[in-house]
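Chains A and B supply the protein sequences, listed in that same order. Each residue of the first sequence is one higher than the one before, starting from 2 at the first, in my numbering. Each residue of the second sequence is one higher than the one before, starting from 2 at the first, in my numbering. Just below is one structure, and these are the notes that go with it.
2 protein chains.
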Amino acid sequence: MTVSEEVRVRERPRQPTSADVAALAGVSRTTVSFVINGRADVQIPPKTRRRVEDAARELDYHPHGPARQLAAGASLTIGLVMRQSAEQVAADMNLPNYLWGLAAAARAGGYRVLVEPLAPEDGTYAGLLRSRRADGLIVSGPRDDDDELAALVRDGFPIVIQGWRADLDVPSVDVDNRAGARGAVEHLLELGHRRIGCITNAPLQYTAAAERLSGYRDALTTAGIDFDPGLVVEGAFDAASGHVGMAGLLRNGGPSAVFVASDVVAIGAIRGLRDAGLRIPADVSIAAFDDIPIAAHVDPPLTTVHLPAGALGEAAGQLLVDRIAGRPVPARTLLPTELIVRDSTAVPRKSGGR
Amino acid sequence: MTVSEEVRVRERPRQPTSADVAALAGVSRTTVSFVINGRADVQIPPKTRRRVEDAARELDYHPHGPARQLAAGASLTIGLVMRQSAEQVAADMNLPNYLWGLAAAARAGGYRVLVEPLAPEDGTYAGLLRSRRADGLIVSGPRDDDDELAALVRDGFPIVIQGWRADLDVPSVDVDNRAGARGAVEHLLELGHRRIGCITNAPLQYTAAAERLSGYRDALTTAGIDFDPGLVVEGAFDAASGHVGMAGLLRNGGPSAVFVASDVVAIGAIRGLRDAGLRIPADVSIAAFDDIPIAAHVDPPLTTVHLPAGALGEAAGQLLVDRIAGRPVPARTLLPTELIVRDSTAVPRKSGGR
DNA sequence: GGTCGAGACTAACTCGCGTTAGTAACGCGC
DNA sequence: GCGCGTTACTAACGCGAGTTAGTCTCGACC
Numbered sequence: 002m003t004v005s006e007e008v009r010v011r012e013r014p015r016q017p018t019s020a021d022v023a024a025l026a027g028v029s030r031t032t033v034s035f036v037i038n039g040r041a042d043v044q045i046p047p048k049t050r051r052r053v054e055d056a057a058r059e060l061d062y063h064p065h066g067p068a069r070q071l072a073a074g075a076s077l078t079i080g081l082v083m084r085q086s087a088e089q090v091a092a093d094m095n096l097p098n099y100l101w102g103l104a105a106a107a108r109a110g111g112y113r114v115l116v117e118p119l120a121p122e123d124g125t126y127a128g129l130l131r132s133r134r135a136d137g138l139i140v141s142g143p144r145d146d147d148d149e150l151a152a153l154v155r156d157g158f159p160i161v162i163q164g165w166r167a168d169l170d171v172p173s174v175d176v177d178n179r180a181g182a183r184g185a186v187e188h189l190l191e192l193g194h195r196r197i198g199c200i201t202n203a204p205l206q207y208t209a210a211a212e213r214l215s216g217y218r219d220a221l222t223t224a225g226i227d228f229d230p231g232l233v234v235e236g237a238f239d240a241a242s243g244h245v246g247m248a249g250l251l252r253n254g255g256p257s258a259v260f261v262a263s264d265v266v267a268i269g270a271i272r273g274l275r276d277a278g279l280r281i282p283a284d285v286s287i288a289a290f291d292d293i294p295i296a297a298h299v300d301p302p303l304t305t306v307h308l309p310a311g312a313l314g315e316a317a318g319q320l321l322v323d324r325i326a327g328r329p330v331p332a333r334t335l336l337p338t339e340l341i342v343r344d345s346t347a348v349p350r351k352s353g354g355r
Numbered sequence: 002m003t004v005s006e007e008v009r010v011r012e013r014p015r016q017p018t019s020a021d022v023a024a025l026a027g028v029s030r031t032t033v034s035f036v037i038n039g040r041a042d043v044q045i046p047p048k049t050r051r052r053v054e055d056a057a058r059e060l061d062y063h064p065h066g067p068a069r070q071l072a073a074g075a076s077l078t079i080g081l082v083m084r085q086s087a088e089q090v091a092a093d094m095n096l097p098n099y100l101w102g103l104a105a106a107a108r109a110g111g112y113r114v115l116v117e118p119l120a121p122e123d124g125t126y127a128g129l130l131r132s133r134r135a136d137g138l139i140v141s142g143p144r145d146d147d148d149e150l151a152a153l154v155r156d157g158f159p160i161v162i163q164g165w166r167a168d169l170d171v172p173s174v175d176v177d178n179r180a181g182a183r184g185a186v187e188h189l190l191e192l193g194h195r196r197i198g199c200i201t202n203a204p205l206q207y208t209a210a211a212e213r214l215s216g217y218r219d220a221l222t223t224a225g226i227d228f229d230p231g232l233v234v235e236g237a238f239d240a241a242s243g244h245v246g247m248a249g250l251l252r253n254g255g256p257s258a259v260f261v262a263s264d265v266v267a268i269g270a271i272r273g274l275r276d277a278g279l280r281i282p283a284d285v286s287i288a289a290f291d292d293i294p295i296a297a298h299v300d301p302p303l304t305t306v307h308l309p310a311g312a313l314g315e316a317a318g319q320l321l322v323d324r325i326a327g328r329p330v331p332a333r334t335l336l337p338t339e340l341i342v343r344d345s346t347a348v349p350r351k352s353g354g355r
């Protein structure tokens, strides 16, 4: 597993401080600080400014972060707390995109991102804020009984929730899960399907799962179709749960179309259909949710609700930065989704369904 | 997109400091520091210790991170620098797992993880280290001409490379790409394939891509098969590149099996095959690389080289923590891979190939 | 030529914690 | 009663920046 050759430690030269820069430029530390931070309210003659800048460049001076954070009373860091199990995080194929957007927004606001993946049984994250390692937190996937979160919110810490918690007075960001799901099911209805199943993306304690299911029910209600609990199965993040979920649906008399509230779960569901010798979309249509990067390339390319993961991360970051700055912020931000029709949906085999 | 109701700012109470704890416990700040940090070399009578601990608990005291970092001269933070484009990161479906492993190892060593996604044209990351915001860095996907990296290594900063850079004296972590690829191709050979194509996971400037291609060539050479450049196509991280790549291969007279050096690219390649009316594995076998979480559930379930993403992140984190602590560390750590045989590979249609 | 004021800069304090050097109190033996 | 160690603590400095309250210089104006 390893090669024997080793890399040993080298002594690092001491990093230059603002005092070094001041000495080299022949000014005081205060002046250096004024120049480095470009303070508009202090007048520094161009000649002096140049001297300081040259000295800083020559020494390759970088202000000491922790010292600056201590003096300024701000860590310029935002924390991303992922309150999910390892398996759940692993199945989140939109996370890379989300993280990218979040980091971009943070950087634009002068912040960096600290990630704190913390399985539900894994301990607490309040310390991040209370110890001032982070100025604010984005909490993704908190449970309803997360008292820690409630306490932090009560104490007025800047927090943005990724998802939703109805009971807390805290800004949240999410896509419009309900409207998105509704759109997907409406698409199935328009194709002529009447008997439409649903596999959720997660257990219904997860608000996103409950919302998507609500969207499904909305669409059925509007179309005048009675809700049949026998057509609803709970998925659990990963493809395997879609596989067994679909098997369950097929046992209850197969629907002509299924709304699967997650692409990953849908991929498992499709496998379940094929196990039963059914073709997609000829025999059963599948509409999904998330539009993960490979959704357009699996077989068949998925008709799915596009989730703008990058934009979501960006919005969350932007919101948190605003909140930290003390700017008022909308209580709930819902990003729109868009149905992408590909090849996993079609008109039912026998027009009118069965 | 948003609801009008807004969340306003609340005044936060001042966080308690060690002086507050000292006052409440009736001791000096120094004693508090000794108790909090559990210094073994100082004797504190149990009674005093209890008083301090009770006071800390009562005030919900958390030491101020930046102050601590300043005094200790360590930020207790490691940075994960992702030197890839947004698209490339988005297509990395093992990233969530990797991140989880990395964070776990970091936490075990008392560190936290700061992520810095930085597209190649996006600026520098040296400041992270020079400003002491991070004590060490894991650099993933650096380019060969990354002078910044060379400078940091020269200055003796603790750095671990995710991947490989032959020219730098810096510890690196990776899976054994070459052996893994070789194993996959050997599996195809054992099935009886002789005309085996290859679609790389990325352009060959990326060392992982070059290594996997080497593994492919190794296997052919050992089997006594001449290398045919016409059977090799470059992929580029995403499924779309696999799609067009396969189309190219088919134009050059189709192989009976293809080693696609990435699951995501393979999913596109499979689509390319089906566009041409070919079945997998009946007409063409596909062996891939990465074993992303859905690899077992796509159609057909992929025969692929398992990449232990979580373990990889964990190893990288562990190595960096050791390096920061000044412990000697192996120059190159290669994690083993394992071929997972599923349903995308089979014996060639006409025994002996064509 | 003295005074006033603006301009250019700096001494000294602050942030919260770790740590070193040192002191006060106590017990104990002679 | 004195000396000598322990034991149990604390005063004070340092980390590297930001910031406040001044000081000093120089020119213009009366």
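C-beta atoms are modelled at their ideal positions from N, C-alpha and C, and glycine is treated no differently.
Cα-Cα separation between residue i and residue j, rounded to whole angstroms
i                      : j                      : result
residue 189 of chain A : residue 296 of chain B : 28 Å
residue 319 of chain A : residue 110 of chain A : 8 Å
residue 23 of chain A  : residue 29 of chain B  : 36 Å
residue 59 of chain A  : residue 324 of chain B : 29 Å
residue 347 of chain A : residue 119 of chain A : 41 Å
residue 196 of chain B : residue 291 of chain B : 23 Å
residue 353 of chain B : residue 257 of chain B : With a pLDDT of 41 at residue 353 of chain B, under the threshold of 50, the modelled position of this residue cannot be trusted; read the value that follows with caution. In a straight line, the C-alpha of residue 353 of chain B is about 10 Å away from that of residue 257 of chain B.
residue 158 of chain A : residue 130 of chain A : 8 Å
residue 177 of chain B : residue 238 of chain B : 19 Å
residue 277 of chain B : residue 315 of chain B : 42 Å
residue 364 of chain A : residue 94 of chain B  : This structure cannot settle anything about residue 364 of chain A, because the visible part of chain A is limited to 2 through 355.
residue 327 of chain A : residue 317 of chain A : 15 Å
residue 21 of chain A  : residue 134 of chain A : 28 Å
Beta-carbon spacing of residue i, residue j below 8 Å
i                      : j                      : result
residue 162 of chain B : residue 153 of chain B : no
residue 283 of chain A : residue 243 of chain A : no
residue 266 of chain A : residue 240 of chain A : yes
residue 338 of chain A : residue 308 of chain A : yes
residue 342 of chain B : residue 112 of chain B : no
residue 169 of chain A : residue 138 of chain A : no
residue 97 of chain B  : residue 43 of chain A  : no
residue 344 of chain B : residue 294 of chain B : no
residue 75 of chain B  : residue 156 of chain B : no
residue 140 of chain B : residue 84 of chain B  : yes
residue 204 of chain B : residue 332 of chain B : no
Beta-ladder partner(s) of residue i, from DSSP
i                      : result
residue 206 of chain A : Answer is none; residue 206 of chain A lacks a bridge partner.
residue 258 of chain B : B/197 and B/286
residue 83 of chain A  : A/118 and A/141
residue 357 of chain A : Limits of chain A in this structure are 2 at one end and 355 at the other, which puts residue 357 of chain A out of reach.
Nearest to residue i (by Cα), restricted to the options the options
i                      : options                       : result
residue 121 of chain A : A/70, A/15, A/145 and A/240   : A/145
residue 252 of chain B : B/198, B/69, B/76 and B/223   : B/198
residue 116 of chain A : B/211, B/200 and B/78         : B/78
residue 143 of chain B : B/330, B/72, B/306 and B/208  : B/208
residue 313 of chain B : B/232, B/62 and B/100         : B/100
residue 289 of chain A : A/304, A/82 and A/94          : A/304
residue 52 of chain A  : A/286, A/37 and A/230         : A/37
residue 184 of chain B : B/192, B/273, B/202 and B/217 : B/217
residue 147 of chain A : A/227, A/123, A/105 and A/34  : A/123
C-beta neighbour in chain B for residue i, strict 8 Å
i                      : result
residue 93 of chain A  : yes
residue 71 of chain A  : yes
residue 355 of chain A : Confidence at residue 355 of chain A is low in this model, with a pLDDT of 41, below 50, so the placement of that residue is unreliable and no value is reported for it.
residue 115 of chain A : yes
residue 271 of chain A : yes
residue 84 of chain A  : no
residue 344 of chain A : no
residue 234 of chain A : no
residue 298 of chain A : yes
Residue i at chain A interface by Cβ criterion, 8 Å
i                      : result
residue 284 of chain B : no
residue 98 of chain B  : yes
residue 165 of chain B : no
Check: residue i C-beta below 7 Å from any heavy atom of the ligand MN
i                      : result
residue 287 of chain A : No copy of the ligand MN occurs in the structure displayed, which carries no ligand at all.
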